[in-house]
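Visitor: Pasting in a structure now, in C-alpha cells, and then I'll have a few things to ask.
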Amino acid sequence: MLNRLPAALALLPRRLFSSSSSSSSSSSSRRSVTGARRLLLRMEPAVVRCLPGEPTLTISFRLDGSNKQMLRDQEEALGRVLARISNGLIKSQAKRAKKNQQKNQQKNQEKNQENQQPEDCTAVVKLFYAGEEVPVTALNCEAWRDGAVLQVGELQYSVQRNPPTFTTAELPASLLAGFPVCPKLEVEFGNLQDCEFTWFKENTPNTSPEAAAAEAPGEDSSWTEVGRGRVYVPSNQDIGSRLKLCCTPREGGRGGLDRELVSGGAVEAGPGVCTFDNRHQYTVKEAEWPAVRVVSYNILADVYAQTELSRTVLYPYCAPYALQLDYRQNLVKKELAGYNADIICLQEVDKGVFEDSLSPALDAFGLDGVFRIKEMQHEGLATFYRRSKFKLLSRHDIVLSEALTSDPSYSTLLQTVSANRNLRDRIVRRSTVLQVSVLEDLKTPDRKVCVANTHLYWHPKGGNIRLVQMGVALKHLSHVISQVAPGAPLLFCGDFNSSPTSGVFQLLSEAEVPELHADWSSSGPEESCSMELLSSFPPLLSACSQPAYTNYVGGFHGCLDYIFIQPDSMQVEQVIPLPSHQEVTTYEALPSVSHPSDHIALICDLRWNL
Numbered sequence: 000m001l002n003r004l005p006a007a008l009a010l011l012p013r014r015l016f017s018s019s020s021s022s023s024s025s026s027s028s029r030r031s032v033t034g035a036r037r038l039l040l041r042m043e044p045a046v047v048r049c050l051p052g053e054p055t056l057t058i059s060f061r062l063d064g065s066n067k068q069m070l071r072d073q074e075e076a077l078g079r080v081l082a083r084i085s086n087g088l089i090k091s092q093a094k095r096a097k098k099n100q101q102k103n104q105q106k107n108q109e110k111n112q113e114n115q116q117p118e119d120c121t122a123v124v125k126l127f128y129a130g131e132e133v134p135v136t137a138l139n140c141e142a143w144r145d146g147a148v149l150q151v152g153e154l155q156y157s158v159q160r161n162p163p164t165f166t167t168a169e170l171p172a173s174l175l176a177g178f179p180v181c182p183k184l185e186v187e188f189g190n191l192q193d194c195e196f197t198w199f200k201e202n203t204p205n206t207s208p209e210a211a212a213a214e215a216p217g218e219d220s221s222w223t224e225v226g227r228g229r230v231y232v233p234s235n236q237d238i239g240s241r242l243k244l245c246c247t248p249r250e251g252g253r254g255g256l257d258r259e260l261v262s263g264g265a266v267e268a269g270p271g272v273c274t275f276d277n278r279h280q281y282t283v284k285e286a287e288w289p290a291v292r293v294v295s296y297n298i299l300a301d302v303y304a305q306t307e308l309s310r311t312v313l314y315p316y317c318a319p320y321a322l323q324l325d326y327r328q329n330l331v332k333k334e335l336a337g338y339n340a341d342i343i344c345l346q347e348v349d350k351g352v353f354e355d356s357l358s359p360a361l362d363a364f365g366l367d368g369v370f371r372i373k374e375m376q377h378e379g380l381a382t383f384y385r386r387s388k389f390k391l392l393s394r395h396d397i398v399l400s401e402a403l404t405s406d407p408s409y410s411t412l413l414q415t416v417s418a419n420r421n422l423r424d425r426i427v428r429r430s431t432v433l434q435v436s437v438l439e440d441l442k443t444p445d446r447k448v449c450v451a452n453t454h455l456y457w458h459p460k461g462g463n464i465r466l467v468q469m470g471v472a473l474k475h476l477s478h479v480i481s482q483v484a485p486g487a488p489l490l491f492c493g494d495f496n497s498s499p500t501s502g503v504f505q506l507l508s509e510a511e512v513p514e515l516h517a518d519w520s521s522s523g524p525e526e527s528c529s530m531e532l533l534s535s536f537p538p539l540l541s542a543c544s545q546p547a548y549t550n551y552v553g554g555f556h557g558c559l560d561y562i563f564i565q566p567d568s569m570q571v572e573q574v575i576p577l578p579s580h581q582e583v584t585t586y587e588a589l590p591s592v593s594h595p596s597d598h599i600a601l602i603c604d605l606r607w608n609l
C-alpha cells in the first residue's frame, strides 16, 4: 500500500502551487518539478465542482471501469468522503473476488476459498496537497483544491477543481455538404472562444489510401482529420461519411476534459445553388464602421410549415423533405452566416430553433441573441447583434394588447377602440409582441441605437388591427428612447403584413393616418372605427425601399417586410439586391429546396450620420 506520494510530487508546494519560485533552484529540482507536472498530467482526473453559495459539491472520477460521481455537503469533513470511497472500493474488490471464485470453482476449490477473501479488506484512500496529506477533519470546500492528488489504493488522481467543462455538446441531426455544421455547446468555467475543436470524417470503404495515410501515427484508422475550428463546412468528399468532433473546453491556458461527438447520420448532398448564394457576393466582408449591416427576415416557423394546410394548400409545390425543420435550418444558418450582418431581426422563430440551432450557430459567427416568445405560442422574435461591435444595454419588450389595456398612456386610444366592442375584442385577443433592444456602439460608447422587431397581425382584412398595434408600438418606442437612450435613433424591423399602400406604411413614412383611411374599415362595418392616428416619430424611411415582393407563395406575392430608419440619424449606404424573379420561381414559389422560407430576407448597410 502507498502511504506517501512519489518524491517528485513533494516539490509541488514550492514549484507548482506557488506563485513564485526561487531563482537559486538547482537544475535537478527543476527537472523534478517538470517530472511532477508530467506525472499530474498523466494521472486520471478527479473533477470537483464546488461553487461558493451552493450547499453541495460533486466529485467525479473513474474507478474499476465505471464512472463514479459523489454529491457531498461542502461543510462535511473530508474523512467521511474518503471513508465512503474506501468502502466502495472494498465492496468492489469483494464482488470481483466472488465473481472469480464462481468462475474458477470447479478448477481449484481450495484456491477459490482464498480468492473469496480479499488479501486486504482495507483500502488506503487519502488526499494530498502540495505533497502533504490533507487532514481528515478539513471541510470538503477547503480540502478539494485544484492540483491536489487523490490516492485510492494503488491509483492516483489529479484533482481538478472547477475545470472548464462542457455542460452541453451536441451535433445537429442533419448534415449537408457545403453547409456549416455548428455544434450546440455550453461551457462552464470556460470560454467558447478559447476551446479547441478538431473534426474528423469516418473512413468509408471508398476512402482513398492517400487520405488514410495522412493520419498521424497511432490515431484511430477509422477516422481522418478534416478540419479545425468551431464550425466545419463538409465538402462533397464527405458525402456518405459520419463526422466526429473532438472538443477540449478551455479558459485561457487552463483545459478540461475532452468531449467526443459523433453525428447520428452521414453527410448528405446539398441542394446545389440556393437563392441566397448570389446575394452573398455582396456580403463577403463585414461592414466597416461607421456602417452597420442589418437583416430582417421571417424564417417561417416550423409550427406553421408542418400543418396540413401548409402541405396541401399553402405550399403544395414544395417537396415534403424541404419543409422539414432540419433541412430548412441548414439553409437558414448558411444564409444568415453568409450575410456577415451586425444586427439581425428574425420573425417566426421557434423557441427550440433559437435555443438549439440559431443561437449556437450565430454565436460561432460572433453574434449574441435575445428571444421573445409570443404569448400562448411556440414561436416568437429573435434579435442578434455582433458582440465585437455592440453591447446590449437593456430590453423593453411588450405584448401590444396588454400595453393597450393596462398602460394609462394608451387610455385615449383604448377609449376610441372600445367604442366598437367587436374590434376591441379582436385586438385584445392578439398575442403580437414588440421586441425592443437598446444597443451601445462599442466603437463610440456614447452612441446608442434602439432596435425594434415585430410581426404584426397576419389577416388580409386586419388592417385596422395592425394600425392600432403600430400606434401602440410607436408610442412605446418613443417612451423607451426618451427614458433610456435620449437621442438614440430608431431601427424598426419586421414583418408588418402591410403593403406600401397600407395605413401602417403611411403611419411610418408620413407620421400620420387620417380617419378616412380605408384600413379603418378593412374588416367590415361591424368592426370599423375612424380616428386620426399620429406617430410619435418624424417620418421614417424604408431603407430597402418598396420591393415588388418580400413574400412569394403560390397564391400571393407582395411587399410585407421592412427596415425603417430615421433618416436624420442614419443613411442607406447599400441595399443587397433581392433574388431575381427567375431564382424565386425556379421551383414555382417559396419555400423550396433552395430557399427555407416563404419570405425573403431584407439586407442593407446603414451608415451613422456622424
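Residue 384 in my numbering sits at position 385 of the sequence shown, and the numbers go up by one each step. C-beta atoms are modelled at their ideal positions from N, C-alpha and C, and glycine is treated no differently.
(1) With a cut-off of 8 angstroms, do at least 3 Cβ pairs link the segment 482-491 to the segment 544-551?
(2) Around the Cβ of Lys-474, are there at least 16 other Cβ atoms within 10 angstroms (buried) or fewer (exposed)?
(3) In the DSSP output, which residue or residues are listed as bridge partners for Arg-429?
(4) Quick one: residues in its chain with C-beta nearer than 7 angstroms to the C-beta of Val-416, no 5 flanking neighbours on either side, listed in chain order?
(5) Quick check on the DSSP output: what are the complete alpha helix (DSSP H) runs of length 4 or more inside the segment 228-312, in order along the chain?
(6) Just to confirm the assignment, what range does the beta strand (DSSP E) spanning Leu-466 have?
(7) Hey, which unbroken runs of the beta strand (DSSP E) at 3 residues or more fall wholly within the segment 130-214?
(8) Can you name the start and end residues of the beta strand (DSSP E) that Gln-346 belongs to?
(9) Should Lys-90 go down as buried or exposed, given a rule of 16 or more other Cβ atoms within 10 Å for buried?
(10) Pick helix, strand or coil for Trp-457, following the three-state DSSP scheme.
(11) Starting from Ala-363, follow the alpha helix (DSSP H) in both directions and report where the run begins and ends.
(12) Asp-604 and Val-291: beta carbons closer than 9 angstroms?
(13) Kindly list the residues whose CB is nearer than 7 angstroms to the CB of Ala-168, restricted to its own chain and excluding five residues on each side of it in sequence; keep chain order.
(14) Report the three-state DSSP secondary structure of Lys-390 (helix, strand or coil).
(15) Note down the Cα distance separating Leu-56 from Gly-271, rounded to an integer number of angstroms.
(16) For Ala-510 versus Pro-488, is the C-beta distance shorter than 9 angstroms?
(17) With a 10 Å radius around its C-beta and 16 neighbouring C-beta atoms as the bar for buried, classify Val-47 as buried or exposed.
(18) Between which residues of its own chain and Leu-330 is the CB-CB distance below 6 angstroms, once the five residues before and five after are set aside?
(19) Grab me the residues of Ile-343's own chain with a C-beta within less than 6 angstroms of its C-beta, minus the 5 sequence neighbours each way, in chain order.
(20) Put Asp-567 into one of helix, strand or coil per three-state DSSP.
(21) In three-state terms, what does DSSP make of Leu-81?
(22) Once DSSP output is grouped into helix, strand and coil, what is the label at Tyr-602?
(23) Would you grab the beta carbon distance between Gly-255 and Pro-163 for me? Rounded to a whole angstrom, and I think it's under 8 angstroms.
(24) Taking the C-alpha atoms as reference points, what is the distance between Leu-70 and Arg-371?
(25) Quick check on Ser-262: buried or exposed, where buried means 16 or more other Cβ atoms within 10 Å of its Cβ?
(26) Rounded to whole angstroms, what is the Cα-Cα separation between Asp-440 and Asn-550?
(27) If we ignore side chains and look at the alpha-carbon of each, how far apart do Gly-368 and Arg-144 end up?
(28) Run through the DSSP bridge pairs and tell me what Gln-573 is partnered with.
(29) Is Leu-490 near Met-569, with beta carbons less than 9 angstroms apart?
(30) According to DSSP, which residues form a beta bridge with Glu-43?
(31) Thr-443 by DSSP, collapsed to three states: which one?
(32) Name the residue from Thr-197, Ser-220 and Arg-249 whose alpha carbon lies nearest to the alpha carbon of Lys-243.
(33) Using a Cβ-Cβ cut-off of 7 angstroms (strictly less than) and excluding sequence neighbours within five positions of Lys-460, which residues of its own chain qualify?
(34) I'd like to know if the segment 431-438 and the segment 403-420 are in contact, where contact means that at least 3 CB-CB pairs between them fall below 8 angstroms.
(35) So Ser-65 is in the beta strand (DSSP E); what residue range does that whole segment cover?
(36) Look up Tyr-128 in the DSSP assignment and give the residues it is bridged to.
Guide: Based on what the coordinates show:
(1) No, because fewer than three Cβ pairs between the segment 482-491 and the segment 544-551 fall closer than 8 angstroms, the two stretches do not touch.
(2) Against the sequence shown, residue 474 aligns to sequence position 475. With 16 or more other Cβ atoms inside 10 Å of its own Cβ, Lys-474 counts as buried.
(3) Walking along the sequence shown from the start, residue 429 turns up at place 430. According to DSSP, Arg-429 bridges with nothing at all.
(4) The residue labelled residue 416 in the question sits at position 417 within the sequence shown. The residues are Leu-422, Arg-423, Ile-426, Val-467 and Cys-528.
(5) Correct list: 301-304.
(6) Taking the first residue of the sequence shown as 1, we reach residue 466 at position 467. Annotation for Leu-466: no beta strand (DSSP E) segment contains it, though the alpha helix (DSSP H) segment containing it runs 462-483.
(7) Taking only runs of at least 3 residues, the beta strand (DSSP E) segments lying wholly in the segment 130-214 are 148-151, 154-160, 164-169, 183-187 and 195-201.
(8) Counting from one through the sequence shown, the residue named residue 346 turns up at place 347. Annotation for Gln-346: the continuous beta strand (DSSP E) segment containing it runs 342-349.
(9) Counting from 1 along the sequence shown, the entry for residue 90 is found at position 91. Per the 10 Å Cβ criterion, exposed.
(10) Your numbering for residue 457 matches position 458 in the sequence shown. Assigned with DSSP and collapsed to three states, Trp-457 falls in coil, not helix or strand.
(11) Here residue 363 refers to the residue found at position 364 when the sequence shown is read from its first residue. From DSSP, the alpha helix (DSSP H) with Ala-363 extends over 358-363.
(12) As a working mapping, residue 604 is identified with position 605 in the sequence shown. As a working mapping, residue 291 is identified with position 292 in the sequence shown. For the 9 angstroms CB-CB criterion, Asp-604 and Val-291 form a contact.
(13) The residue labelled residue 168 in the question sits at position 169 within the sequence shown. Excluding the 5 residues flanking it on each side, Ala-168 has same chain C-beta neighbours closer than 7 angstroms at Pro-182, Leu-184, Cys-246, Arg-258 and Leu-260, in chain order.
(14) Taking the first residue of the sequence shown as position 1, residue 390 is located at position 391. DSSP, read as helix, strand or coil, puts Lys-390 in strand.
(15) The residue given as residue 56 occupies position 57 in the sequence shown. The residue given as residue 271 occupies position 272 in the sequence shown. Straight-line Cα distance between these residues: approximately 52 angstroms.
(16) The residue given as residue 510 occupies position 511 in the sequence shown. The residue given as residue 488 occupies position 489 in the sequence shown. Taking 9 angstroms as the cut-off, the beta carbon of Ala-510 is found no closer than this to the beta carbon of Pro-488.
(17) For this step, residue 47 is matched to residue 48 along the sequence shown. Burial call: buried.
(18) What you label residue 330 is simply residue 331 of the sequence shown in a count that begins at 1. If we look at Leu-330 and ignore the five residues flanking it on each side, its Cβ neighbours are Pro-595.
(19) Sequence index remark: in the sequence shown, residue 343 carries index 344 (1-based). For Ile-343, where only same-chain residues beyond five positions count, the Cβ hits under 6 angstroms are Val-294 and Phe-383.
(20) For the purposes of this step, residue 567 is taken as the residue at position 568 of the sequence shown. If DSSP states are grouped into helix, strand and coil, Asp-567 belongs with coil.
(21) Counting from one through the sequence shown, the residue named residue 81 turns up at place 82. Per DSSP, reduced to three states, the secondary structure at Leu-81 is helical.
(22) What you label residue 602 is simply residue 603 of the sequence shown in a count that begins at 1. First, the amino acid is wrong: residue 602 is Ile here, not Tyr. Of the three classes helix, strand and coil, the one that applies to Ile-602 here is strand, per DSSP.
(23) Start at 1 with the first residue of the sequence shown, and residue 255 comes out as number 256. Start at 1 with the first residue of the sequence shown, and residue 163 comes out as number 164. That belief holds up - the Cβ atoms of Gly-255 and Pro-163 are roughly 4 angstroms apart, short of 8 angstroms.
(24) The residue given as residue 70 occupies position 71 in the sequence shown. The residue given as residue 371 occupies position 372 in the sequence shown. If I take the Cα positions, the gap works out to 36 angstroms.
(25) By one-based count along the sequence shown, residue 262 stands at place 263. Looking at its Cβ environment, which holds 16 or more other Cβ atoms inside 10 Å, Ser-262 is buried.
(26) Residue numbering aside, residue 440 sits at position 441 when the sequence shown is read from its first letter. Residue numbering aside, residue 550 sits at position 551 when the sequence shown is read from its first letter. The alpha-carbon atoms of Asp-440 and Asn-550 are separated by roughly 32 angstroms.
(27) As a working mapping, residue 368 is identified with position 369 in the sequence shown. As a working mapping, residue 144 is identified with position 145 in the sequence shown. Taking the straight line joining both Cα atoms gives about 36 angstroms.
(28) The residue you call residue 573 lines up with position 574 of the sequence shown. Beta-bridge analysis with DSSP links Gln-573 to Asp-604.
(29) For the purposes of this step, residue 490 is taken as residue 491 along the sequence shown, with counting starting at 1. For the purposes of this step, residue 569 is taken as residue 570 along the sequence shown, with counting starting at 1. Yes, the Cβ-Cβ distance between Leu-490 and Met-569 is below 9 angstroms.
(30) One-based indexing of the sequence shown puts residue 43 at position 44. Paired residue(s): Tyr-156.
(31) The residue labelled residue 443 in the question sits at position 444 within the sequence shown. Secondary structure of Thr-443 (DSSP, three-state): coil.
(32) Within the sequence shown, residue 243 is the residue found at index 244, counting from 1. Nearest C-alpha to Lys-243 among Thr-197, Ser-220 and Arg-249: Thr-197.
(33) By 1-based counting over the sequence shown, the position of residue 460 is 461. Here the set comprises Ser-521 and Ser-522.
(34) Inter-segment contact for the segment 431-438 and the segment 403-420 is absent: fewer than three beta-carbon pairs are separated by less than 8 angstroms.
(35) By 1-based counting over the sequence shown, the position of residue 65 is 66. Residues 65-72.
(36) Walking along the sequence shown from the start, residue 128 turns up at place 129. Per DSSP, Glu-131.
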